[in-house]
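In the working numbering, the protein residues as written are 717 to 1094. Every residue gets a Cβ at the ideal spot worked out from N, C-alpha and C, and that includes glycine. Computed from a predicted structure; not experimentally measured.
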Amino acid sequence: MAARYCFISEWLDPASGILWKYQLFYYPESKEVEMVDIKNRRHFLKRTKYEELKASLLYIGSVVNIFSRQLKLTEYGDEFTRSKMESQSERTLAMIKPDAYKNMGKIINAIQQSGFLISKMRIGKLSKEEAGEFYAVHAGKPFVDRLTDFMSSGRVVAMELVAPGAIRKWRELIGPTDSNQARAEAPGSLRAQFGTDKTFNACHGSDAPDTAAEECNFWFGPGRYPGKCDLAAGTTLCVVKPHLVADGVAGLVIDLIQDAFEVTAGGLYNLDRNAAAEFLEVYKGVVPAGEFNSMVEQLTAGACIALEVADRDGADAVEPFRQLAGPMDPELGRVLRPASLRARFGLDAVRNAVHCTDLPEDGALEVNYFFTILPTAA
């Protein structure tokens, strides 16, 4: 008998405010989905082909998009699904430390190419007190003061990673705690490539399931927002679109951005249709109605990564970053600006790799929308 996975999912109707619950069935062999309205005990969506849904996205807490409806998976729907899927979706806390922040793009690319799913992400700058809270297990040890000074000295990137055996797999990827030991024993590891010593060692990884849960809660628990970055003047917004995040190339794009600009804030977001339409409202009436709707659908098709981007010399970043992003149509970009992000990674005028602020007066507005108005990053 072909496998069938079942999850309990929720969808908040933006018009009525009603929270609907569905059984979501996924048939991996045929790539079909089916939805049953739990309250009314009737089919909401009969079994139908939906190749856009990937099995790797099916884990508790995930937000999946089914025919433009965003569903949050809250429970396993049966024991078969639990037994098959729970071991495939272990979580761990990964953190890029201040000394390796400039290599964020390279490290994120290594994460994605190693088969991890980034389920949550936030760029932050910890205070010394917050660093002490995170490393409370080391309280009283002789090295803790140096460690908390270091961890509060610059920006860090916190990520919740999902994969089979994620804790062990991530610790293998980062290598031994001592970067010098890593260079001798695991030269391909992240600490060997980007670390300096035992403290300045590029990355952090949880060491056990209980620790992973605690550390993920520190960064992403309800009402938690440690290390909130102060937004700067003269910055611009870049949104790495869902098709690039899903294809595992977001790190490559971020690396190219870091080659020319400073990334001063950021996070991973799952936008609903109302938020995406509100954010893109400036384009309504400027582009054809069908294209506008497609732009909204792409921005809600999955997780996106929003970045606050600053010029290294303190100049306004909007226009220089527009040049790096390139023309909205990647085909035109491949002719006029072949080295631009959209020319290199874009597929068409909608799936065009990145959104960037178009007008200097909109830079602060767009940055503020993501990092102040929207709910905190995933």
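Residues that DSSP places opposite GLU978 in a beta bridge: Stepping through the sequence shown from its first residue, residue 978 is reached at position 262. Answer by DSSP bridge pairing, in chain order: ALA1026.
Limits of the unbroken alpha helix (DSSP H) element including THR797: Within the sequence shown, residue 797 is the residue found at index 81, counting from 1. It spans 795-801 - the alpha helix (DSSP H) in which THR797 sits, taken as one unbroken run.
Distance CB(GLY921)-CB(ARG887) smaller than 7 Å: For the purposes of this step, residue 921 is taken as the residue at position 205 of the sequence shown. For the purposes of this step, residue 887 is taken as the residue at position 171 of the sequence shown. Cβ distance < 7 Å, so GLY921 and ARG887 count as in contact.
Distance between PRO1043 and VAL1003 (C-alpha atoms, nearest Å): Counting from one through the sequence shown, the residue named residue 1003 turns up at place 287. Counting from one through the sequence shown, the residue named residue 1043 turns up at place 327. Cα to Cα, the separation comes out at about 14 Å.
Per DSSP, the bridge partner or partners of HIS759: Here residue 759 is taken as the residue at index 43 of the sequence shown, counted from 1. Paired residues: VAL752.
MET820 vs VAL873 beta-carbon contact at 7 Å: Here residue 820 corresponds to residue number 104 of the sequence shown, with the count starting at 1. Here residue 873 corresponds to residue number 157 of the sequence shown, with the count starting at 1. Yes. Within cutoff.
Buried/exposed call for ASN756, threshold 16 Cβ in 10 Å: The residue you call residue 756 lines up with position 40 of the sequence shown. Looking at its Cβ environment, which holds fewer than 16 other Cβ atoms inside 10 Å, ASN756 is exposed.
LEU1057 and ALA1069 closer than 7 Å at C-beta: Taking the first residue of the sequence shown as position 1, residue 1057 is located at position 341. Taking the first residue of the sequence shown as position 1, residue 1069 is located at position 353. Contact flag set, yes.
Under the three-state DSSP convention, the category ASN1068 falls into: Locating residue 1068 in the sequence shown gives position 352, counting from the first residue. Correct three-state label for ASN1068: coil.
Candidates THR808, ILE812, ALA879 and LEU984, of which the one nearest SER772 by Cα: Your numbering for residue 772 matches position 56 in the sequence shown. Comparing Cα-Cα distances from SER772 to each of THR808, ILE812, ALA879 and LEU984, the minimum goes to ALA879.
Euclidean distance between Cα positions of ASP923 and GLY1018: The residue you call residue 923 lines up with position 207 of the sequence shown. The residue you call residue 1018 lines up with position 302 of the sequence shown. In a straight line, the C-alpha of ASP923 is about 29 Å away from that of GLY1018.
Cβ pair count under 8 Å reaching 3, the region 1007-1025 against the region 1059-1078: yes
Neighbour-count burial assignment, GLN829, 16 or more Cβ in a 10 Å radius: The residue given as residue 829 occupies position 113 in the sequence shown. Exposed is the call here.
Distance CB(SER869)-CB(PRO942) smaller than 7 Å: Mapped onto the sequence shown, residue 869 falls at position 153. Mapped onto the sequence shown, residue 942 falls at position 226. Cβ distance not < 7 Å, so SER869 and PRO942 don't count as in contact.
Start-to-end residues for the beta strand (DSSP E) that takes in MET811: As a first step, residue 811 must be located in the sequence shown, where it is residue number 95. 806-812 is the extent of the beta strand (DSSP E) around MET811.
Buried or exposed (CB count within 10 angstroms, at least 16 for buried), LYS765: As a position in the sequence shown, residue 765 is number 49, starting the count at 1. So LYS765 ends up on the exposed side.
N-terminal and C-terminal residue of the beta strand (DSSP E) that GLY921 is part of: Sequence index remark: in the sequence shown, residue 921 carries index 205 (1-based). Residues 919-921.
Per DSSP, the bridge partner or partners of MET1011: Taking the first residue of the sequence shown as 1, we reach residue 1011 at position 295. MET1011 pairs with nothing; no bridge assigned.
Terminal residues of the alpha helix (DSSP H) in which ILE734 lies: Residue 734 sits at position 18 when you count from the first residue of the sequence shown. Run containing ILE734: none; DSSP gives neither H nor E here.
Delimiting residues of the alpha helix (DSSP H) encompassing ILE827: Counted from its first residue, the sequence shown places residue 827 at position 111. Taken as a continuous stretch (DSSP letters only), the alpha helix (DSSP H) holding ILE827 covers 820-829.
Separation of PHE936 from PHE1008, as counted between CA atoms: Position 292 of the sequence shown, counted from the start, is the residue given in the question as residue 1008. Position 220 of the sequence shown, counted from the start, is the residue given in the question as residue 936. If I take the Cα positions, the gap works out to 32 Å.
Presumed contact (8 Å Cβ cut-off) between ASN781 and GLY967, rounded CB distance: In the sequence shown, counting from the first residue as 1, residue 781 sits at position 65. In the sequence shown, counting from the first residue as 1, residue 967 sits at position 251. Not a contact, Cβ separation roughly 22 Å.
Terminal residues of the alpha helix (DSSP H) in which MET1044 lies: On the sequence shown, position 328 is the one that residue 1044 refers to. Note, MET1044: premise wrong, no alpha helix (DSSP H); not H, not E.
PRO730 burial status per 10 Å Cβ neighbour count (16 or more: buried): Here the question's residue 730 lines up with position 14 in the sequence shown. By the 10 Å Cβ count, PRO730 comes out exposed.
Exposure of LEU735, with buried meaning 16 or more beta-carbon neighbours within 10 Å: Numbered from its first residue, the sequence shown carries residue 735 at position 19. It counts as exposed.
beta-carbon ASP1064 near the ligand ZN non-hydrogen atom, thresh 6 Å: The ligand ZN is not part of the structure shown, which contains no ligands of any sort.
For ILE970 and THR980, the rounded distance between their alpha carbons: If you number the sequence shown from 1, residue 980 lands on position 264. If you number the sequence shown from 1, residue 970 lands on position 254. Taking the straight line from one Cα to the other gives about 12 Å.
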